[in-house]
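What follows is a set of notes on a single structure, which appears directly below.
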Amino acid sequence: MGRRRKQASFRDLKTLEDFDWSFNRSIKRSHIYELGTCKFLEESRDILFVEPPGVGKSHLCQALGMQAIRQGHTVYYYRSIFDVVRDFLREENLGEDEKVLGRYLKPELLIIDDMGMKQLPKRSGEYLFEIIMRRHQNRSTIMTSNRPIEEWGKLLQDGPSATALLDGFMSVAEIISIKGKSCRSKRLGVAAKKKSL
């Protein structure tokens, strides 16, 4: 398990057990634990967390990745869509597109944490579309986004690719929309209060 965990390259070691469920009551604990059984991997289903920054999506997607590793699955984690695009842009001039693509097709669970808050480089939509479509109904993908789905076309600077991507991805994806205040703001508020005492 240690080798698979290292291979996953998680930003932080997060688990479902150490998630603060009391912070945001809109997150259905029973449902997240159901996803933690990883049945969605057996069914090659995808998951999309859509929520404002700081309400727990990064913790949850990494925790689900950890659950998958515990059950013997291979997981790759990318902390941002920018990391994915950077991989392709770096190898594009070397004609290594298929080699890069292969890295994203290999894991049983691919996690792309954060679609970003600003426009991505051109052709980003093409790269992401290729990854999602090649994994479609074969391997599972978890993605998170701070931006509403309807803004993805602007984010990717490619309306047609965004539309095609969403049509394919959403056909097997479960969308989990979480609302609430940022836990980061809460922590900052507590820290500021302690400092003033």
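Residue numbers for the sequence shown follow our numbering, so the first one is 255 and each next one is one higher.
We treat Cβ as the ideally placed atom computed from N, Cα and C, and that holds for glycine.
Bear in mind that the values here come from a model prediction, so they are computed numbers and not experimental data.
Coil, strand or helix - residue i by DSSP
i, result
"Asp300", "strand"
"Ile430", "strand"
Straight-line Cα distance separating residue j from residue i
i, j, result
"Ile403", "His285", "22 Å"
"Thr453", "Arg324", "Lying outside 255 to 451, the shown extent of the chain, residue 453 is not represented and no answer is given."
"Gly422", "Gly379", "13 Å"
"Ser298", "Ile365", "13 Å"
"Ala317", "Phe303", "13 Å"
"Asp367", "Leu343", "19 Å"
"Val338", "Gly308", "22 Å"
"Met424", "Lys360", "21 Å"
"His313", "Phe273", "7 Å"
Selected residue, minimal CA-CA separation from residue i, among the options
i, options, result
"Ser431", "Lys260, Ile281, Met255, Arg389", "Ile281"
"Ala418", "Gly256, Leu318, Leu302, Leu382", "Leu382"
"Gly319", "Leu267, Pro306, Asp337", "Leu267"
"Leu409", "Arg340, Val426, Ile335", "Ile335"
"Leu295", "Leu363, Ser276, His390, Arg340", "Leu363"
Limits of the alpha helix (DSSP H) - the one that residue i falls within
i, result
"Ser378", "378-389"
"Leu410", "406-410"
For residue i, the first and last residue of its enclosing beta strand (DSSP E)
i, result
"Ala329", "Here residue 329 turns out to be Val, not Ala, going by the sequence shown. First-last of the beta strand (DSSP E) with Val329: 329-332."
"Ile263", "Note that residue 263 is Ser in the sequence shown here, rather than Ile. Here Ser263 belongs to no beta strand (DSSP E), and DSSP marks it neither H nor E."
"Ile396", "394-399"
"Ile323", "From DSSP, Ile323 is part of no beta strand (DSSP E) but of the alpha helix (DSSP H) over 311-324."
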